[in-house]
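Taking it in order: structure first as structure tokens, then the write-up.
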Amino acid sequence: MSDDYDSDASEKSFETRKMNKWFKSFFEVINTLSVDQIHEHTRQWHCPACKNGPGAIDWFKGLQSLVTHARTKGSKRVKLHRELAALLEEEMSRRGSSVVPSGEQFGKWKGLRESTDREIVWPPMVIVMNTLLEKDEDDKWLGMGNQELLEYFSDYAATKARHAYGPGGHRGMSVLIFESSAVGYMEAERLHKHFIDQRTDRDTWQNRRVPFLPGGKRQLYGFLARKEDMETFNRHCQGKSRLKYEMRSHNEMVVAQMKQMSEDNQQLNYLKNKVVKTEQRSKVVEETLGVITQKLRETMEENIFVRSKAKEKHSEYEEEMKSQEKFFHDQIENIHKATEDKESEFERLLQEERAKARQCDVDSGTTENRRLRKEQVQRFIECQVKDVQEFEAERDELIKAHEEKKVQLKKEYMAKEVELEKEFDAALTGLMEKHRPGTFQASSSRP
Numbered sequence: 001m002s003d004d005y006d007s008d009a010s011e012k013s014f015e016t017r018k019m020n021k022w023f024k025s026f027f028e029v030i031n032t033l034s035v036d037q038i039h040e041h042t043r044q045w046h047c048p049a050c051k052n053g054p055g056a057i058d059w060f061k062g063l064q065s066l067v068t069h070a071r072t073k074g075s076k077r078v079k080l081h082r083e084l085a086a087l088l089e090e091e092m093s094r095r096g097s098s099v100v101p102s103g104e105q106f107g108k109w110k111g112l113r114e115s116t117d118r119e120i121v122w123p124p125m126v127i128v129m130n131t132l133l134e135k136d137e138d139d140k141w142l143g144m145g146n147q148e149l150l151e152y153f154s155d156y157a158a159t160k161a162r163h164a165y166g167p168g169g170h171r172g173m174s175v176l177i178f179e180s181s182a183v184g185y186m187e188a189e190r191l192h193k194h195f196i197d198q199r200t201d202r203d204t205w206q207n208r209r210v211p212f213l214p215g216g217k218r219q220l221y222g223f224l225a226r227k228e229d230m231e232t233f234n235r236h237c238q239g240k241s242r243l244k245y246e247m248r249s250h251n252e253m254v255v256a257q258m259k260q261m262s263e264d265n266q267q268l269n270y271l272k273n274k275v276v277k278t279e280q281r282s283k284v285v286e287e288t289l290g291v292i293t294q295k296l297r298e299t300m301e302e303n304i305f306v307r308s309k310a311k312e313k314h315s316e317y318e319e320e321m322k323s324q325e326k327f328f329h330d331q332i333e334n335i336h337k338a339t340e341d342k343e344s345e346f347e348r349l350l351q352e353e354r355a356k357a358r359q360c361d362v363d364s365g366t367t368e369n370r371r372l373r374k375e376q377v378q379r380f381i382e383c384q385v386k387d388v389q390e391f392e393a394e395r396d397e398l399i400k401a402h403e404e405k406k407v408q409l410k411k412e413y414m415a416k417e418v419e420l421e422k423e424f425d426a427a428l429t430g431l432m433e434k435h436r437p438g439t440f441q442a443s444s445s446r447p
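Counting from 1, position 69 in the sequence shown corresponds to residue 69 in the UniProt record's numbering; the numbering is continuous, with no gaps.
Spelled out as structure tokens, the structure:
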């Protein structure tokens, strides 16, 4: 909010100044209180100069804290706050008291001042004096130029240079303007201290200046700008040519910014350290992962080798089984062949005996003898046929029983083979469970 108060307070009476629209209601309350009531520690005050603006709702405990606020306020309604402080001090003086209660004047220690704040020119500026050079044809002074002044003080981070001019030309007064920040102020203060160190500061300029050095060169003097310096600089300037500035709180514009920069720097260092620790943890995890990956690769290669060996062994076992199977199969084939040979021999003997019987001479001899021989041959053949039939029947039964035994034997073998495979599967499953790899979990990073 803009400052509505811009009058010359010195021209108004004390009571008239108290009736200013900003202070009227405040001093009406003050007038109803005694000095003791005003100085009560428990009494809290709103600042009337902050009304309807930033800080309007802030409470100040005790009159002294309110006056301190009014004395040091450095951003909004500065003149209004200074007027309030002056009125309160005058009010208490007229009542025979002071802003600090009399009972608190004794029995306490004296420490630092309540506030170290002060008003400074903003943006930061350094006044450089004795920047004249010579007079021109019109008898007006010439002096140092803007760029020339910046180059003379190039070790300091000034952003602009300006020179004061009057009816007689260059006035020999110049100013270096610095960045509107705490860093800019520190640079200006550094240059100010440099002038002090080489004894070309404000005090020397005002009391024992030496404009010229041996050899004819002009000696430059410099110091931090004050309000009166800026008024002197702008004395012959009008309108836009006036060098703009404002008076600000040193604590607000420099100290607070430096504290914030310090906090930001601490936060930056914390974040940097956090990043370093995170990178270190990441490196450890990466190295650990590399070791685990290498071990896993080696394990996989070993598993491939073991599987290859297992396949080779399996092939060997299959070959051996085939060899054993062929060996037993050949034995069975030999038995079958021998049996077939025996059956063929048995059949040959039957045919041979039957042929002998049929070739027997039944036509010789007496009729009775022929009849007897025929009957004998017939009985032999019938007996042989009957015997062959019985043989074939018993042979069929024997083959049937043999086949049944083979089927049963194969069933038992297959059942045992299935049971053997189940036992192998169970044993292999148990082995895999025993050597199952653990689940890898990356350790969680902590700040």
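Beta carbons are placed, not taken as given, at the ideal position from N, Cα and C, and that holds for glycine.
Only a predicted model underlies this, so the values are computations on that prediction, with no experimental measurement involved.
Which residue comes first and which comes last in the alpha helix (DSSP H) that contains residue i?
| i | result |
| --- | --- |
| R190 | A182 to D197 |
| S65 | L63 to T72 |
| M230 | K227 to F233 |
| T204 | R202 to N207 |
| residue 448 | Shown here, the chain extends from 1 to 447; a query on residue 448 therefore has no answer. |
Hey, how far is the Cα of residue i from the Cα of residue j?
| i | j | result |
| --- | --- | --- |
| T200 | Y270 | 43 Å |
| G103 | Q37 | Any answer about G103 is weak, because its pLDDT of 49 lies below 50 and its placement is not dependable; what the coordinates show is given next. Cα to Cα, the separation comes out at about 13 Å. |
| E423 | K411 | 18 Å |
| V78 | R248 | 9 Å |
| G215 | S241 | 36 Å |
| G184 | V35 | 46 Å |
| E433 | H329 | 41 Å |
| T278 | T116 | 43 Å |
| L213 | Q219 | 6 Å |
| K76 | C50 | 8 Å |
| H41 | R82 | 23 Å |
| K337 | E318 | 28 Å |
| T367 | R354 | 23 Å |
| G168 | E189 | 31 Å |
| V285 | K295 | 15 Å |
| V377 | E403 | 38 Å |
| L409 | A415 | 10 Å |
| G96 | L149 | 55 Å |
| S93 | L87 | 10 Å |
| Y152 | L268 | 35 Å |
| Q324 | K309 | 22 Å |
Using alpha carbons as the reference points, say which of the options lies closest to residue i.
| i | options | result |
| --- | --- | --- |
| L142 | T116, G172 and R118 | G172 |
| R71 | E89, E179 and K61 | E89 |
| Q44 | V175, G53 and I30 | I30 |
| E347 | T204, I332, S323 and Q389 | Q389 |
| K21 | W59, L80 and H69 | L80 |
| G74 | E343, M92 and W122 | W122 |
| E28 | E91, L372, V285 and W59 | E91 |
| K356 | K342, F380 and P54 | F380 |
| G55 | Q64, L63 and H69 | H69 |
| A158 | H170, F178, G62 and E137 | F178 |
| E343 | I304, V407, S308 and E392 | E392 |
With respect to the beta strand (DSSP E) encompassing residue i, which residues constitute its N-terminal and C-terminal limits?
| i | result |
| --- | --- |
| H163 | A158 to G166 |
| K430 | According to the sequence displayed, residue 430 carries Gly and not Lys. No beta strand (DSSP E) holds G430; the alpha helix (DSSP H) holding it covers T367 to K434. |
| H170 | G169 to F178 |
| K79 | Here K79 belongs to no beta strand (DSSP E); instead the alpha helix (DSSP H) covers V78 to R94. |
| E119 | E119 to W122 |
| L142 | W141 to G143 |
| E134 | L132 to K135 |
| L224 | Y221 to L224 |
| I127 | M125 to M129 |
Spatial neighbours of residue i within its chain, please: CB distance less than 8 Å, with the 5 preceding and 5 following residues excluded, ordered by chain position.
| i | result |
| --- | --- |
| S25 | P48 |
| D136 | L142 and G169 |
Excluding five sequence neighbours on each side, which residues of the same chain lie with their C-beta closer than 6 Å to the C-beta of residue i?
| i | result |
| --- | --- |
| W205 | M129 and Y221 |
Could you check whether the Cβ of residue i sits closer than 7 Å to any heavy atom belonging to the ligand SAM?
| i | result |
| --- | --- |
| H41 | This structure lacks the ligand SAM, and indeed carries no ligand of any kind. |
Quick one: residues in its chain with C-beta nearer than 7 Å to the C-beta of residue i, no 5 flanking neighbours on either side, listed in chain order?
| i | result |
| --- | --- |
| L224 | V126, A188, E189 and H192 |
| F233 | A164, M173, V175 and L243 |
Residue ranges of each alpha helix (DSSP H) run of no fewer than 4 residues wholly in the region 11-52, ordered along the chain?
14-18, 24-31 and 35-38
Enumerated in chain order, which unbroken segments of the beta strand (DSSP E) with a length of 3 residues or greater are wholly contained in the region 242-309?
246-249
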